[in-house]
Structures are given as C-alpha cells and as structure tokens.
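Numbering (our numbering), first residue to last: 11 to 416.
Just so it is clear, CB atoms sit at the ideal spot from N, CA and C, and this is done for glycine as well.
Every value quoted in this text rests on a predicted model; they were computed, and no experiment measured them.
Right, one structure below, let's go through it.
As structure tokens, then:
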C-alpha cells in the first residue's frame with residue numbers, strides 16, 4: 011500500500027534512483043535521505059505501480075538485490091513461525107523443563123548377558139527419608155520413633171536386608187548390577203514452622219550427614235553388585251523457597267544439591283552412574299521396560315475411602331496422556347511422597363524411611379511401617395519379584411497383659 015504522505019514525484023524519484031544505481035544504499039545516497047526512509051519510500055512506489063522512467067543501470071545486479079531482499083523477508087517469516095510453533099522438542103525442553111543432555115544408560119541395563127542366567131536387574135527405591143526430622147513416640151501411642159540416629163540405623167538395615175533378599179531368597183543371583191533410585195524428600199527441610207522448631211539439625215549439617223550415609227550405601231551396593239545406576243528426582247520438602255516452584259524447581263532444592271555432591275564424589279568410579287535431570291521427572295529403561303520417576307507431590311487429593319490411589323491414578327493418567335503426545339511413553343511410573351507402599355504393574359509408590367508420624371496420626375491415616383520398595387525387572391517379563399524392605403530392627407515382643415498403661 012502506498013504511503014499517502016508521499017507525492018508521486020518522490021516515489022518516481024526513488025524508483026529512478028534504484029534503476030540508476032542498482033543498490034538501495036547507493037540510491038538513498040543519491041537522493042540524500044536515510045536508507046530506512048528510502049526503503050519505505052521505494053516499497054510504497056512499487057505498491058503504487060510506479061516503474062522507472064530512466065534506463066536500468068544493471069538488470070542482473072538489480073534482480074540479484076531484489077532476490078536477496080525477498081530471501082531476507084522469507085527467513086524472517088520462517089523464524090517467526092518457528093518461534094510460535096509448539097514442537098515436541100519445545101514442549102520437552104521448555105514447558106516440561108527436561109534436560110537436553112543425552113543420557114547413555116549403562117550397557118548392563120540395555121541388554122542381558124546371554125551367557126549368564128539371571129533373575130534380571132533389581133531396583134531399590136530410597137525416598138522420603140526426611141533426614142533431620144524427629145518423631146516423638148509419646149505423641150503417636152508409641153508406634154514409631156525417629157531421629158538421626160534411628161535414620162542412620164534404618165539406612166544400614168535397608169542395605170543389609172536388600173542384599174540378603176536378593177542374594178539368599180532368589181534362585182538366580184548373578185545380577186549385572188542394581189538400580190538405586192533416589193526419589194526425593196531425602197531431607198526434612200524447613201518448609202513448615204513446626205519442622206523448623208523440631209528438626210534435630212539445621213539444613214546444612216543435615217545434608218552433610220546424609221551425604222556420608224548415602225555414600226556408604228552406594229559404595230556397599232557397588233561392592234556387592236558390581237554396578238550401580240542412580241536416577242534422581244527432587245522432592246518438595248528439601249526446597250529453600252516458601253512455595254514449590256515449577257521454574258527452576260531443582261535449583262532451589264537441597265535434594266538436587268545432595269545428588270550433585272554424590273555424583274561428584276563418584277565421578278571417577280566407573281561402577282557408578284548418575285542420572286540427574288533438570289526437570290521434575292526422570293526417564294530411563296531397563297531391558298526396554300520404560301520407567302518414569304517422579305516425586306509425586308504434583309498429585310493432590312484423596313479421601314478416607316480410596317486414600318492415595320485416587321490422585322495417584324489420575325496423575326498417572328495425565329502423565330501418560332501428556333507423554334504420548336511427545337513420543338515419551340512409559341510402562342511404569344514410580345514415585346514417593348505418599349509414605350505408602352503400593353507395588354503394581356503400572357505404578358509403584360514407595361514407602362518411607364521415617365515411618366508413621368504425628369501428621370499421619372492427627373489426620374487418622376492408616377498405620378504404615380517404615381519400609382522401601384524393592385523389585386526386579388526381567389529381560390522378558392518386565393516386573394517380576396516385588397519385595398518390600400522393612401527397615402526396622404526386630405521389634406520387642408508386644409505385651410500380652412490384658413491391660414497396660416503408660
């Protein structure tokens with residue numbers, strides 16, 4: 011469309027100048043105006059149908075310059091369209107905050123050793139340790155007690171019982187390695203006033219203490235099983251913000267910081283490999299069986315009848331629908347957060363190291379002993395053995411007296 015502020019003489023001058031020089035820059039100089047102003051004037055002239063009244067200096071040069079101008083316009087249009095297109099890669103990297111780094115899983119997770127018979131690859135899930143929290147047995151009828159000393163002992167029991175179950179209670183024990191999942195809420199954190207008042211340690215000493223315990227756990231598993239793969243996600247308790255964040259969730263989490271310290275600690279140990287994504291979900295597969303690891307705090311709701319299963323199954327359905335649209339389907343979702351052990355084919359919910367606490371007691375939740383999930387992924391049959399690991403030492407004999415009091 012022609013600019014109504016231009017006279018026909020001005021537009022004719024612009025067209026003739028371009029015909030004489032074959033260059034917009036030179037034409038602008040010839041007329042004595044700004045190059046941007048000249049370009050606008052020339053386009054208005056072309057829109058008005060004005061043609062040159064002088065001989066064209068060089069038709070080939072003119073055509074080349076016009077072609078370059080069109081190419082630049084087309085490139086700008088394509089770039090604009092790309093910015094406004096929700097591609098699968100854009101959804102993965104920007105909306106879902108998935109890491110762009112290529113994760114190369116260990117060979118022993120990809121294909122079984124045909125020369126050795128094995129039950130498959132075992133997975134031990136560690137989550138909801140709430141390191142640093144204190145549970146007072148006097149406030150929950152004495153059904154549980156928790157502090158750092160007890161947590162240290164339960165972590166040791168967890169590893170000892172895992173080795174015992176896999177080595178002494180399964181027929182084929184020549185495992186290629188073990189997956190040690192770290193599922194978040196490893197520290198208690200200071201997200202609530204009551205935790206700030208009752209935790210046994212500040213957050214920094216808590217992280218340092220837990221770092222030493224997890225280092226021992228990983229070293230022991232590597233010594234016993236040869237290889238350890240450690241996928242990690244952060245929980246909601248370890249954050250240093252008032253509310254959990256969608257953007258930069260991991261970068262405000264002491265869980266994530268702890269995982270990075272552990273990864274650095276084992277960077278020269280070829281037996282151990284970590285997978286620490288930037289986003290809230292981790293993806294990996296064992297013998298082609300695809301797992302999605304998430305903490306589980308995204309799922310909310312539930313009631314006294316259906317309990318945690320309602321929000322978890324709804325959340326699983328949404329994640330499966332989302333992932334199907336971006337070619338990231340999975341077979342089994344694994345999560346923590348709910349402190350309730352549920353082991354199914356399509357989803358595995360972990361228990362907790364902490365066990366029953368004042369919050370569960372006050373809200374009339376069902377009793378759940380402290381335990382962690384353990385299962386085996388078979389190269390042909392997928393999930394096979396499921397063996398909950400009870401992390402308490404043998405409890406004292408319960409009194410049989412017809413009435414007692416404290």
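Own chain, CB closer than 6 Å to residue 24, minus 5 neighbours either side, in chain order: Once the five neighbours on either side are set aside, the close Cβ partners of residue 24 are 51, 52, 55.
Beta-carbon proximity of residue 326 to residue 351, cut-off 8 Å: No, the pair does not count as a contact, with Cβ atoms beyond the cut-off.
Bridge partner(s) assigned by DSSP for residue 384: DSSP lists 134 as partners of residue 384.
Simplified DSSP assignment, three categories, for residue 106: With a pLDDT of 49 at residue 106, under the threshold of 50, the predicted position of this residue should be treated as unreliable, and no value is reported.
C-alpha distance - residue 244 paired with residue 174, whole-angstrom precision: The straight-line gap from Cα to Cα measures roughly 29 Å.
Same chain, Cβ closer than 8 Å to residue 346, five either side skipped, listed in chain order: The answer, listed in chain order, is 135, 137, 138, 193, 194, 195, 245, 305, 306, 359, 360, 362.
Status (buried if at least 16 other CB within 10 Å, exposed otherwise) for residue 504: Shown here, the chain extends from 11 to 416; a query on residue 504 therefore has no answer.
C-alpha distance - residue 283 paired with residue 275, whole-angstrom precision: One C-alpha to the other measures close to 11 Å.
Residues of its chain near residue 147, where Cβ-Cβ distance is below 6 Å and the 5 sequence neighbours each way are ignored: Residues 155 of the same chain have their beta carbon placed closer than 6 Å to that of residue 147, with the five preceding and five following residues left out of the count.
Secondary structure of residue 310, DSSP reduced to three states: In the structure shown, residue 310 sits in coil (DSSP, three-state: anything other than H, G, I, E or B).
Where the beta strand (DSSP E) containing residue 191 begins and where it ends: Looking at the DSSP string, the run of the beta strand (DSSP E) that includes residue 191 is 188–192.
Backbone CA spacing between residue 166 and residue 330 [nearest angstrom]: Roughly 36 Å between the two C-alpha positions.
From 336, 366, 22, residue whose alpha carbon lies closest to that of residue 144: Measuring from the Cα of residue 144, the nearest candidate turns out to be 366.
Same chain only: Cβ atoms within 6 Å of residue 105, ignoring 5 sequence neighbours per side: Summary for residue 105: the model assigns pLDDT 49, below 50, so the residue's position carries little reliability, and this model does not support an answer.
Between the CA atoms of residue 231 and residue 188 - distance to the nearest angstrom: So the two alpha carbons sit approximately 7 Å from each other.
Option in 259, 268, 303 with minimal Cα separation from residue 288: Comparing Cα-Cα distances from residue 288 to each of 259, 268, 303, the minimum goes to 259.
Closest by C-alpha distance to residue 204, when choosing among 368, 168, 396, 33: Taking only the C-alpha atoms, the option nearest residue 204 is 368.
Option in 19, 42, 131 with minimal Cα separation from residue 62: Check the Cα spacing between residue 62 and each of 19, 42, 131: the tightest is with 19.
Start-to-end residues for the alpha helix (DSSP H) that takes in residue 22: That run of the alpha helix (DSSP H) goes 18–31.
Sub-8 Å separation of residue 158 and residue 211 beta-carbons: Cβ distance < 8 Å, so residue 158 and residue 211 count as in contact.
The segment 292–301 in contact with the segment 248–256 per 3-pair CB rule at 8 Å: No contact exists between the segment 292–301 and the segment 248–256.
Beta-carbon gap between residue 320 and residue 311 smaller than 8 Å: Result yes, Cβ atoms of residue 320 and residue 311 sit closer than 8 Å.
Within 8 Å, strictly: CB atoms of residue 380 and residue 130: No, the pair does not count as a contact, with Cβ atoms beyond the cut-off.
Same chain, Cβ closer than 6 Å to residue 111, five either side skipped, listed in chain order: Here residue 111 scores only 47 on pLDDT, less than 50, and its place in the model should not be relied on; the value that follows carries that caveat. Excluding sequence neighbours, residue 111 sits near nothing in its chain.
Residue(s) in a DSSP beta bridge with residue 249: According to DSSP, which records beta bridges pairwise, residue 249 is partnered with 263.
Where residue 364 falls: helix, strand or coil (DSSP): Per DSSP, reduced to three states, the secondary structure at residue 364 is coil, with no helix or strand assignment.
Cross-strand partners of residue 242 (DSSP beta bridge): Looking at the DSSP output, residue 242 bridges to 192.
Alpha carbon of residue 292 to alpha carbon of residue 256, nearest angstrom: The straight-line gap from Cα to Cα measures roughly 15 Å.
Supposed contact pair residue 30 and residue 48 - C-beta distance, whole angstroms, cut 8 Å: Actually they are not in contact, since the Cβ atoms of residue 48 and residue 30 sit about 13 Å apart, beyond 8 Å.
Start-end ranges of the beta strand (DSSP E) lying completely within the segment 126–172, minimum 3 residues: Listed in chain order, the complete beta strand (DSSP E) runs (minimum 3 residues) inside the segment 126–172 are 131–136.
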